[in-house]
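S.K.:
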Amino acid sequence: MANIPPNQDRWPTIGKLVGALFAAAILTVGLALPYVGGLGLAARHESVKFLDTGCNLEETQPPQPSTIYASDGKTVIARIFTQDRQPVPLTDVPQALQDALVATEDRRFFSHHGVDMRGLLRSLVNSANGDTQGGSTLTMQYVKQIRYYQAGKDVAKQQAAIQQNLNRKIEDAKCALYIENTKHESKDTILDNYLNIAFFGENAYGIETAARTYFNVDVQKLSLPQSALLVGLLRAPTQYDPFQFPAAAKARRNEVLQNLVSVGKLSQSAATKYEATPVRLATTSPQEVREGCSSAGQYSTPKILNVGFFCDYVSNWLSTVQGINDLDTGGYKIITTLSPSLQNTAQQNLWSNFPPSAQMTVAEPAVDPATGNVLAMVSSKLYGNTTSAKDNTHTTLANFTNYTASGASTYKLFPLLTALQMGIPATFTLGTDQGGKGYSPANCFDGGATGTQATVHNGDANESYSVNETLSSATAKSSNTFFVGLVDSVWGCDLQPVVNMAIKLGVNGLTQPVETGSKVTIGQNIVSNQYALQIALGSGLGTSPLEMAGAYAAIANGGKFNAPAPITSITDENNKAVIVKRSPATQVVSPQVAAQAVSILSGDTRFPGTSASQFANGWYSQNSSVIAGKTGTAVDGEKGLQNSGLWFVGMTPSLVATTAVINPSGPSNPISSLPNSSDPANSAYGDYAAGLWLNSFAPTLLPLHWSWPDPNSPTFGVPVPPVAGQTVAQAQATLSAAGFKMTQLDSANHTTCASAQPPGTIAYAGPEIAQKGTTIVVCPSSGVQPYVYTPPKPTATITKSNTNSGPPQPGGGGRTITVTRTHGRPTPTIPIPTITR
Numbered sequence: 052m053a054n055i056p057p058n059q060d061r062w063p064t065i066g067k068l069v070g071a072l073f074a075a076a077i078l079t080v081g082l083a084l085p086y087v088g089g090l091g092l093a094a095r096h097e098s099v100k101f102l103d104t105g106c107n108l109e110e111t112q113p114p115q116p117s118t119i120y121a122s123d124g125k126t127v128i129a130r131i132f133t134q135d136r137q138p139v140p141l142t143d144v145p146q147a148l149q150d151a152l153v154a155t156e157d158r159r160f161f162s163h164h165g166v167d168m169r170g171l172l173r174s175l176v177n178s179a180n181g182d183t184q185g186g187s188t189l190t191m192q193y194v195k196q197i198r199y200y201q202a203g204k205d206v207a208k209q210q211a212a213i214q215q216n217l218n219r220k221i222e223d224a225k226c227a228l229y230i231e232n233t234k235h236e237s238k239d240t241i242l243d244n245y246l247n248i249a250f251f252g253e254n255a256y257g258i259e260t261a262a263r264t265y266f267n268v269d270v271q272k273l274s275l276p277q278s279a280l281l282v283g284l285l286r287a288p289t290q291y292d293p294f295q296f297p298a299a300a301k302a303r304r305n306e307v308l309q310n311l312v313s314v315g316k317l318s319q320s321a322a323t324k325y326e327a328t329p330v331r332l333a334t335t336s337p338q339e340v341r342e343g344c345s346s347a348g349q350y351s352t353p354k355i356l357n358v359g360f361f362c363d364y365v366s367n368w369l370s371t372v373q374g375i376n377d378l379d380t381g382g383y384k385i386i387t388t389l390s391p392s393l394q395n396t397a398q399q400n401l402w403s404n405f406p407p408s409a410q411m412t413v414a415e416p417a418v419d420p421a422t423g424n425v426l427a428m429v430s431s432k433l434y435g436n437t438t439s440a441k442d443n444t445h446t447t448l449a450n451f452t453n454y455t456a457s458g459a460s461t462y463k464l465f466p467l468l469t470a471l472q473m474g475i476p477a478t479f480t481l482g483t484d485q486g487g488k489g490y491s492p493a494n495c496f497d498g499g500a501t502g503t504q505a506t507v508h509n510g511d512a513n514e515s516y517s518v519n520e521t522l523s524s525a526t527a528k529s530s531n532t533f534f535v536g537l538v539d540s541v542w543g544c545d546l547q548p549v550v551n552m553a554i555k556l557g558v559n560g561l562t563q564p565v566e567t568g569s570k571v572t573i574g575q576n577i578v579s580n581q582y583a584l585q586i587a588l589g590s591g592l593g594t595s596p597l598e599m600a601g602a603y604a605a606i607a608n609g610g611k612f613n614a615p616a617p618i619t620s621i622t623d624e625n626n627k628a629v630i631v632k633r634s635p636a637t638q639v640v641s642p643q644v645a646a647q648a649v650s651i652l653s654g655d656t657r658f659p660g661t662s663a664s665q666f667a668n669g670w671y672s673q674n675s676s677v678i679a680g681k682t683g684t685a686v687d688g689e690k691g692l693q694n695s696g697l698w699f700v701g702m703t704p705s706l707v708a709t710t711a712v713i714n715p716s717g718p719s720n721p722i723s724s725l726p727n728s729s730d731p732a733n734s735a736y737g738d739y740a741a742g743l744w745l746n747s748f749a750p751t752l753l754p755l756h757w758s759w760p761d762p763n764s765p766t767f768g769v770p771v772p773p774v775a776g777q778t779v780a781q782a783q784a785t786l787s788a789a790g791f792k793m794t795q796l797d798s799a800n801h802t803t804c805a806s807a808q809p810p811g812t813i814a815y816a817g818p819e820i821a822q823k824g825t826t827i828v829v830c831p832s833s834g835v836q837p838y839v840y841t842p843p844k845p846t847a848t849i850t851k852s853n854t855n856s857g858p859p860q861p862g863g864g865g866r867t868i869t870v871t872r873t874h875g876r877p878t879p880t881i882p883i884p885t886i887t888r
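The opening residue of the sequence shown carries number 52 in the numbering used here; numbering runs sequentially from there.
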């Protein structure tokens with residue numbers, strides 16, 4: 052802090068003051084006699100006040116705009132500022148402009164030491180009549196400008212900084228002396244600082260921004276008349292605004308030209324010639340102030356489409372994660388992860404199928420699975436405030452990150468991974484249809500007031516469900532009964548391992564309180580109340596599309612989770628690197644387990660998967676590379692089981708993206724309408740979202756070709772010794788001898804798993820292939836075998852086949868159950884309405 056004690060340098064200062072007073076006395080000879088006596092008294096009083104006043108001013112950088120760039124470090128996404136300023140060195144400022152500034156504002160600038168005492172005392176005398184104008188040197192004006200911007204957004208402090216009174220003028224004078232005589236700042240440095248801090252009207256702070264605002268040129272290219280106009284603005288930027296008051300601006304410009312003539316820097320003939328020229332501005336009206344996310348994407352050619360959502364996300368991330376709260380003044384250079392080409396291509400393609408005027412909203416965040424970099428944020432809605440009560444096309448809601456609509460069957464990823472990581476194979480079979488009447492859990496309850504069991508049905512989405520499904524086929528068909536049966540019968544409705552898996556994969560919605568002020572999280576509530584439908588089917592769970600993309604991205608990245616983030620580098624106003632606070636990658640599941648999951652989830656896009664109809668012609672007819680993914684259809688159970696939201700998360704090795712079709716203002720409301728769909732809105736399923744996903748991202752993906760790792764590849768390591776049937780201690784010894792570590796699925800809660808193994812022995816262990824040193828997950832057996840339907844033995848030999856069509860079954864959506872009997876062995880294929888797909 053630059054703080055001058057009252058007695059510091061007293062005698063040198065007194066000497067300068069006495070000299071100035073003597074000079075001032077000579078200037079006042081012509082004044083009326085009464086004022087002469089008053090001058091002596093005033094001078095004595097003010098000189099004492101001057102000596103006793105300290106300077107508490109600290110010179111700091113003026114507010115600097117922060118610039119947000121795309122991933123190339125060149126394409127500007129947005130500029131964030133309170134004062135639009137672009138500092139330039141004095142060497143870039145034309146000498147004529149510097150001369151005009153000194154001639155107009157402070158002609159003795161190069162001869163005084165911060166304070167022009169003649170001008171100051173003249174100002175003091177004039178103050179007796181209430182006139183507090185004049186007397187300020189450029190250095191004093193610079194001091195006043197510093198106080199003003201340091202006041203920030205505090206209006207009271209701003210007014211105090213520029214208040215015209217004797218005390219403030221004395222303080223400014225003392226600080227000006229400190230800057231020039233104690234800090235020994237050069238005149239060029241003061242001019243440089245002044246020109247970069249000064250306000251020139253029309254939101255233009257600093258000479259470079261002023262040159263751009265009025266003439267659309269860099270400061271180096273300013274002509275003499277242009278320089279004179281800008282200097283003239285400093286006295287009263289609004290009064291002399293050339294856009295609003297061109298005649299006043301021209302007259303003021305000509306005054307500045309005459310000032311140059313007065314100090315010998317310009318001939319009268321040249322001034323006369325310049326004065327005759329009109330004021331020519333770059334535009335006929337003031338330029339729109341392009342600041343903040345509302346103007347995001349407008350700086351580049353071509354423009355970045357609808358990038359305001361990403362800009363908002365970046366700003367919020369910088370505040371909440373990075374801890375940067377001075378983005379509008381700190382002068383940061385921020386390189387983001389955004390791919391302009393992907394953003395524009397996906398955005399254009401989405402709008403071609405789902406215009407902003409549609410009732411529903413589409414949010415499509417895309418991430419790079421290898422890094423967690425957020426590559427794009429595509430929305431059907433236009434970023435911006437609504438223009439009227441009927442405006443349905445604009446929004447600024449954070450639909451990519453908010454926990455709004457139910458994520459539906461995209462949550463099936465978490466029980467799937469939990470099963471795979473403990474060694475349950477893709478061929479694991481479970482019977483859950485119970486004769487076509489749905490599945491009634493034996494252990495899981497609905498968590499309601501009655502504590503009754505919740506019967507779960509599959510769905511009518513043109514899928515056929517067998518009485519027994521495997522882990523692989525049930526995932527492809529999105530069988531609700533299978534996944535509820537998995538958590539109910541295999542884990543006895545101990546949902547903690549599944550909740551843990553989701554949280555490890557970045558589904559932070561589960562860590563939020565169930566309600567404001569509660570200490571119980573949503574995840575804890577699911578476990579304690581055995582909400583199987585929530586964690587296994589995503590029923591009623593508000594979900595962030597970006598978090599879901601991040602979770603699936605970890606699987607595409609060999610089981611290594613990178614938290615989605617929008618920033619790669621930050622530098623401050625001094626071009627010093629700022630450490631970016633991104634979370635380190637974590638290996639959530641083993642690479643082999645991730646490969647198994649990708650193999651299973653690739654069944655979604657191929658027959659009989661739930662999105663196969665979209666990918667058959669839309670992708671696989673043009674590119675054989677496999678896209679894995681998962682659909683989801685949210686259903687509102689309180690309004691006639693009507694579909695309320697549609698989801699698809701698609702995976703490739705280089706891009707993972709979510710398509711969420713939601714209604715942010717009413718997440719549980721039935722879907723009202725869907726563009727380019729021949730089906731009624733309430734009968735649409737997740738495959739509709741898959742079609743939008745493919746339309747948005749296929750143009751970027753089609754030129755690429757890839758292959759997924761084989762789950763049985765030796766590149767994952769060596770075979771893990773089988774330990775099923777061994778005691779926990781025996782398994783520990785076996786695995787340790789082979790170079791592996793061991794942990795139980797959820798040792799804290801003593802989770803057991805249904806299997807044919809004796810109680811207490813190891814039921815499952817995974818992965819099957821791993822690198823030495825890997826931790827193997829085991830689950831002790833409960834001794835209860837999972838239910839698998841076994842057809843009864845035939846009582847007679849039947850050589851004739853017949854097909855019977857029975858009546859609609861409960862929850863069957865009006866469809867019939869087809870049972871084909873061959874040789875007396877019934878193998879029912881039962882379509883049942885889905886709750887969430």
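Beta carbons are placed, not taken as given, at the ideal position from N, Cα and C, and that holds for glycine.
Would you tell me roughly how many angstroms separate the C-alpha atoms of S370 and L753, rounded to the nearest one?
M.R.: So the two alpha carbons sit approximately 37 Å from each other.
S.K.: What's the gap between the Cα of A74 and the Cα of L246?
M.R.: Note that A74 scores 36 on pLDDT, short of 50, meaning its location in the model is unreliable; the coordinates nonetheless yield the value given after this. Answer to the nearest angstrom: the Cα atoms are 31 Å apart.
S.K.: Where do the N-terminal and C-terminal ends of the alpha helix (DSSP H) with V139 fall, by residue?
M.R.: Per DSSP, V139 belongs to no alpha helix (DSSP H) and is neither H nor E.
S.K.: My guess is that A708 and F748 are in contact by the Cβ rule of under 8 Å, so how many angstroms apart are they, rounded?
M.R.: So it is a contact: roughly 6 Å between Cβ atoms.
S.K.: Need the endpoints of the beta strand (DSSP E) that F699 sits in, please.
M.R.: F699 -> beta strand (DSSP E) spans 693 to 702.
S.K.: Counting pairs of Cβ atoms below 8 Å between the region 337 to 352 and the region 116 to 129, do you hit three or more?
M.R.: With a cut-off of 8 Å, the region 116 to 129 and the region 337 to 352 count as touching, because enough Cβ pairs lie within range.
S.K.: Since V535 contacts A470 with CB under 8 Å, what's their CB separation in whole angstroms?
M.R.: The Cβ separation is near 13 Å, so there is no contact.
S.K.: Could you compute how far the alpha carbon of N519 sits from the alpha carbon of W402?
M.R.: Each residue's alpha carbon lies about 42 Å from the other.
S.K.: According to the Cβ coordinates, are F451 and P416 closer than 7 Å?
M.R.: Going by C-beta atoms, F451 is nearer than 7 Å to P416.
S.K.: Apart from the five residues on each side of it in sequence, which residues of its chain come closer than 8 Å, Cβ to Cβ, to V839?
M.R.: Answer for V839: T480, L481, G482, N519, listed in chain order.
S.K.: Pair every Cβ in the region 418 to 429 with every Cβ in the region 596 to 616, then say whether three or more of these pairs are closer than 8 Å.
M.R.: Result yes; three or more Cβ-Cβ pairs closer than 8 Å.
S.K.: Can you name the start and end residues of the beta strand (DSSP E) that A708 belongs to?
M.R.: First-last of the beta strand (DSSP E) with A708: 707 to 713.
S.K.: How should F161 be labelled, buried or exposed, when 16 other C-beta atoms within 10 angstroms of its C-beta is the threshold for buried?
M.R.: So F161 counts as exposed.
S.K.: Run the CB neighbour count on T501, radius 10 Å, all protein chains shown included, and call it buried at 16 or more, exposed below.
M.R.: Note that T501 scores 37 on pLDDT, short of 50, meaning its location in the model is unreliable and no value can be drawn from it.
S.K.: Which class does D655 belong to by DSSP, given the choice of helix, strand or coil?
M.R.: Note: D655 maps to helix in three-state DSSP.
S.K.: How many Å lie between N668 and T567 at the Cα?
M.R.: In a straight line, the C-alpha of N668 is about 47 Å away from that of T567.
S.K.: What is the rounded straight-line gap between the Cα of A321 and the Cα of S274?
M.R.: Between A321 and S274, the C-alpha separation is close to 13 Å.
S.K.: Among G817, V268, A741, W759, whose alpha-carbon lies nearest the alpha-carbon of V774?
M.R.: For the residues G817, V268, A741, W759, the minimum Cα distance to V774 belongs to G817.
S.K.: What does the alpha-carbon distance come out to for the pair P837 and S540?
M.R.: So the alpha carbons of these two residues sit roughly 6 Å apart.
S.K.: Do you know how far the Cα of L796 is from the Cα of N493?
M.R.: Here residue 493 is Ala; the residue named in the question, Asn, does not match the sequence. Cα-Cα distance, rounded: 21 Å.
S.K.: For T524 and T682, what's the separation of their Cα atoms in angstroms?
M.R.: Note that residue 524 corresponds to Ser in the displayed sequence, not to Thr. Answer to the nearest angstrom: the Cα atoms are 14 Å apart.
S.K.: Is it true that the CB of F699 sits closer than 7 Å to the CB of T684?
M.R.: It is not a contact, given that the beta carbons lie outside the stated cut-off.
S.K.: How should S758 be labelled, buried or exposed, when 16 other C-beta atoms within 10 angstroms of its C-beta is the threshold for buried?
M.R.: It counts as exposed.
S.K.: Can you grab the Cα-Cα spacing for the pair Y434 / L743, in whole Å?
M.R.: When rounded, the distance between both Cα atoms is 20 Å.
S.K.: Can you list, in chain order, the residues of its chain whose CB lies under 7 Å from that of G591, leaving out five sequence neighbours each side?
M.R.: Excluding positions up to five away in sequence, the list reads S457, Q585.
S.K.: Going by DSSP in three states, Q783 sits in which element: helix, strand or coil?
M.R.: Here Q783 sits in helix by DSSP.
S.K.: From the DSSP output, in three-state form, read off A154 for me.
M.R.: Helix.
S.K.: Specify the secondary structure class of I241 as computed by DSSP and reduced to three states.
M.R.: Helix, per DSSP.
S.K.: Using 7 Å as the threshold, is the C-beta distance between I241 and Q196 below it?
M.R.: For I241 and Q196, no; Cβs fall outside 7 Å.
S.K.: Could you pull out every residue in the same chain whose Cβ sits closer than 6 Å to the Cβ of I386, ignoring the five residues on either side in sequence?
M.R.: If we look at I386 and ignore the five residues flanking it on each side, its Cβ neighbours are Y120, G124, T619, S620.
S.K.: In its own chain, which residues sit with a C-beta less than 7 Å from the C-beta of N404, not counting the 5 before and 5 after it?
M.R.: Excluding sequence neighbours, N404 sits near P726, N727, L743, N746.
S.K.: Quick one: Cα of A740 to Cα of A207, how far?
M.R.: Spanning the two alpha carbons is a distance of roughly 53 Å.
S.K.: Within this structure, are the beta carbons of N531 and N509 separated by less than 7 Å?
M.R.: Against a cut-off of 7 Å, the Cβ pair of N509 and N531 comes out as a contact.
S.K.: By DSSP, does T446 sit in helix, in strand, or in coil?
M.R.: Looking at T446 - three-state DSSP - the assignment turns out to be strand.
S.K.: In terms of alpha-carbon separation, which member of T526, S719, N580, V644 lies closest to T656?
M.R.: Of the listed residues, the one whose Cα sits closest to T656 is T526.
S.K.: Where L68 and M168 are concerned, what is the direct C-alpha to C-alpha distance, given to the nearest angstrom?
M.R.: Legend: pLDDT at L68 = 43, less than 50; position of this residue unreliable, no value from coordinates given.
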